[in-house]
Amino acid sequence: MGALIIDGNIPLNGRISVHGSKNSVLPILAAALLNGGESIIHNCPDLRDVSSAVNILKYLGCSVKREKDVVIIDSSNLTCNDIPDNLMREMRSSVIFLGAIISRCGSASLTFPGGCELGPRPIDLHLAALRELGCAVLEEGGHITCTADNMQGKDIILSFPSVGATENIMLAAVSCKGTTRILNAAREPEIEDLQRFLRAMGANISGAGSSTIEIVGGARLHNAEHFVIPDRIVASTYIIAAVMTGGEVLIEKIIPEHIMTVTSLLNGAGCSVTLGRDCALVRRTGTLCAFRSIRTMPYPGFPTDVQPPLMALTTRCVGTTVFIENIFENRYRHVSELIRMGADIKIEGKVALVYGVRELSGAKVAATDLRGGAALIIAALGADGTSEITGVSHIDRGYEHIENTLSQLGAKIRRVE
Ligand code: UD1
Numbered sequence: 010m011g012a013l014i015i016d017g018n019i020p021l022n023g024r025i026s027v028h029g030s031k032n033s034v035l036p037i038l039a040a041a042l043l044n045g046g047e048s049i050i051h052n053c054p055d056l057r058d059v060s061s062a063v064n065i066l067k068y069l070g071c072s073v074k075r076e077k078d079v080v081i082i083d084s085s086n087l088t089c090n091d092i093p094d095n096l097m098r099e100m101r102s103s104v105i106f107l108g109a110i111i112s113r114c115g116s117a118s119l120t121f122p123g124g125c126e127l128g129p130r131p132i133d134l135h136l137a138a139l140r141e142l143g144c145a146v147l148e149e150g151g152h153i154t155c156t157a158d159n160m161q162g163k164d165i166i167l168s169f170p171s172v173g174a175t176e177n178i179m180l181a182a183v184s185c186k187g188t189t190r191i192l193n194a195a196r197e198p199e200i201e202d203l204q205r206f207l208r209a210m211g212a213n214i215s216g217a218g219s220s221t222i223e224i225v226g227g228a229r230l231h232n233a234e235h236f237v238i239p240d241r242i243v244a245s246t247y248i249i250a251a252v253m254t255g256g257e258v259l260i261e262k263i264i265p266e267h268i269m270t271v272t273s274l275l276n277g278a279g280c281s282v283t284l285g286r287d288c289a290l291v292r293r294t295g296t297l298c299a300f301r302s303i304r305t306m307p308y309p310g311f312p313t314d315v316q317p318p319l320m321a322l323t324t325r326c327v328g329t330t331v332f333i334e335n336i337f338e339n340r341y342r343h344v345s346e347l348i349r350m351g352a353d354i355k356i357e358g359k360v361a362l363v364y365g366v367r368e369l370s371g372a373k374v375a376a377t378d379l380r381g382g383a384a385l386i387i388a389a390l391g392a393d394g395t396s397e398i399t400g401v402s403h404i405d406r407g408y409e410h411i412e413n414t415l416s417q418l419g420a421k422i423r424r425v426e
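The numbering used here numbers the first residue of the sequence shown as 10 and each following residue consecutively.
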């Protein structure tokens, strides 16, 4: 299955740029079903999850061409409205196709998305919202069948600002009669990016980025072109990697505003992150100090996806850092692997206490999820000796050729099959 071999304790130096956002491009690819025409999407990262989304589009009858980071989708001739189980299971985000297929075809049939390594990930909020919009939803034997004869816009109040549910409602509401308002909507930058793409194809939608999104359904849609925003989680991961190893790294093609919760935390804790218009300069300035408490929260709070990479850094900080994981139930699977490398971490429910140690040592460790895998890479970069990280396919879901990017900065990292 492949492994990454990393020799640690080598300062990273140089400049890299950040690829397009995985979490933006996936709903945008689903949204390409809506216009029944051509969508040109720029800055598409070359990731496993993006290939999975492209496979779903092709299965549904779209023609999809990829030239470097540009993906061109023609959705004029859909041949079906179902997604088979093997494609659904490839990634959790396949569920975003539900709202898009209903919007385009009036009905959809798919299975529950694959089990998730982060604990139970129900889609009750997605399905309840679709029902409220007038969709008949049948859940039977792992299948979901949705039929919508006469979908009508209305106010949907989310009990939690779920990113995926917000996206599914936005996609479905574009073809509903009347006005839909999503209250307590997720405010993540990826939601704003989806709104930009939907507007580019003619949809009447506003408010993304705030907690109320309004969609006036039924607009005539047309061909669209869109540039995907940079990946804020990837940017944060490379910033943390640079802090872990010391050295000086310029990280380009970012949107500073999207990573400020992370950079403001890092600044002053023994490193400096200077934000430019579309870049960040990262330097170590002294001894790394613990961060006291980090609570993961919906945007603009501290992102749950950055919790594992930051935890890897805190294993080497002087003092104790307390993590409180509020979004996912099972997001500490990297902890046992970090402990193999010499970290001192205790978990009690959703709280993790990280007592900084003087050094980590290279070890054989296994990535069991995407961001947990990124955490192991950061730990290995800051450890004495050589580490071998297996489970690289998880990391490939969200980081484009990570070994090439880190090598560019002078890391000693190679992939073995
Ligand atoms: C998205 C991101 C993921 C990120 C997460 C939180 C994508 C492709 N993935 O995932 O990287 O970690 O946001 O920022 O964009 N929930 C329910 N019922 C539902 C929906 C969600 O209980 O119907 C719960 C989930 O189990 C989880 C929490 O709400 O505990 C957050 O989930 P959500 O915001 O929906 O995350 P995703 O869209 O799955």
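The beta-carbon is built from N, C-alpha and C at its ideal position, and this holds for glycine as well. Remember, predicted model here, so these are calculated numbers, not experimental data.
Please go through the same chain and pick out, in chain order, the residues whose beta-carbon is closer than 6 Å to the beta-carbon of residue i, but skip the five residues on each side of it.
i, result
"Thr246", "Pro318 and Ala383"
"Ile268", "Arg241, Ala244 and Ser245"
"Arg140", "Val146"
"Glu197", "Val172 and Tyr308"
"Arg113", "Leu42 and Leu43"
"Pro122", "Met97, Arg101, Ser103 and Val104"
"Asp16", "Thr395 and Lys421"
"Pro20", "Thr254, Gly255 and Gly256"
"Gly128", "Phe337, Glu338 and Asn339"
"Lys355", "Leu362"
"Asp405", "Arg57"
Near residue i, which residues of its chain fall below 8 Å by C-beta distance, leaving aside the five closest residues on each side in sequence?
i, result
"Thr399", "Met10, Gly11, Ala12, Lys373, Val374, Ala375 and Ala376"
Going by DSSP, which residues form a beta bridge with residue i?
i, result
"Arg304", "Ile333"
"Gln161", "Lys186"
"Arg406", "Paired residue(s): none; Arg406 is not in a bridge."
"Lys355", "Leu362"
"Arg424", "Leu13"
"Gly29", "Pro239"
"Leu166", "At residue 166 the sequence reads Ile, which differs from the Leu that was named. DSSP, once it has assigned bridges, lists Leu192 as partnering Ile166."
"Val327", "Cys298"
"Val271", "Beta-bridge pairing links Val271 to no other residue."
"Asn276", "Cys280"
"Ser219", "Ala217"
"Ala117", "Cys155"
"Ser72", "Asp83"
"Pro23", "Strictly speaking, residue 23 in this sequence is Gly, with Pro absent from that position. Paired residues: Val258."
"Phe311", "Thr305"
"Ser48", "Ile82 and Ala233"
"Cys288", "Glu261"
Any heavy atom of the ligand UD1 closer than 7 Å to the beta-carbon of residue i?
i, result
"Gly310", "no"
"Thr296", "no"
"Ile191", "no"
"Ala195", "yes"
"Ile132", "yes"
"Pro54", "no"
"Glu148", "no"
"Asn339", "no"
"Arg304", "no"
"Pro129", "yes"
"Ser102", "yes"
"Ile19", "no"
"Phe169", "yes"
"Thr313", "yes"
"Glu141", "no"
"Glu257", "no"
"Ile249", "no"
"Leu319", "no"
"Asn213", "no"
"Glu334", "no"
"Leu180", "no"
"Glu99", "no"
"Asn32", "yes"
"His51", "no"
"His28", "no"
"Leu43", "no"
Tell me which same chain residues have a C-beta within less than 7 Å of the C-beta of residue i, skipping the five on either side of it?
i, result
"Arg293", "Val252, Gly255, Gly279 and Cys280"
"Ile166", "Leu192 and Asn193"
"Ala389", "Ile15, Gly17, Gly371, Ser396 and Ile398"
"Val315", "Ile242, Ser245 and Val271"
"Ser416", "Ile422"
"Asn32", "Glu199"
Any heavy atom of the ligand FAD closer than 7 Å to the beta-carbon of residue i?
i, result
"Val172", "This structure does not include the ligand FAD; its bound ligands are the ligand UD1."
Just checking: is the beta-carbon of residue i within a distance shorter than 8 Å of some beta-carbon in chain B?
i, result
"Glu201", "The question asks about chain B, but that chain is absent: this structure has only one protein chain."
### Query
Within the chosen definition, does the segment 298-310 reach the segment 245-264 through at least 3 CB pairs nearer than 8 Å?
As far as the Cβ criterion goes, the segment 298-310 does not touch the segment 245-264, which means the pair count is below three.
### Query
On the three-pair Cβ rule with 8 Å, is the segment 200-209 touching the segment 217-224?
Counting Cβ pairs under 8 Å, three or more are found: they touch.
### Message
Under 8 Å, with one C-beta from each stretch per pair, do the segment 151-166 and the segment 183-194 reach the 3-pair mark?
### Response
These segments touch.
### Query
Would you say the segment 230-238 touches the segment 337-357, given that touching needs at least three Cβ pairs under 8 Å?
With the cut-off at 8 Å, the segment 230-238 and the segment 337-357 do not touch.
### Query
Should the segment 146-156 be called in touch with the segment 67-84, which here means at least 3 C-beta pairs below 8 Å?
Counting Cβ pairs under 8 Å, fewer than three are found: no touch.
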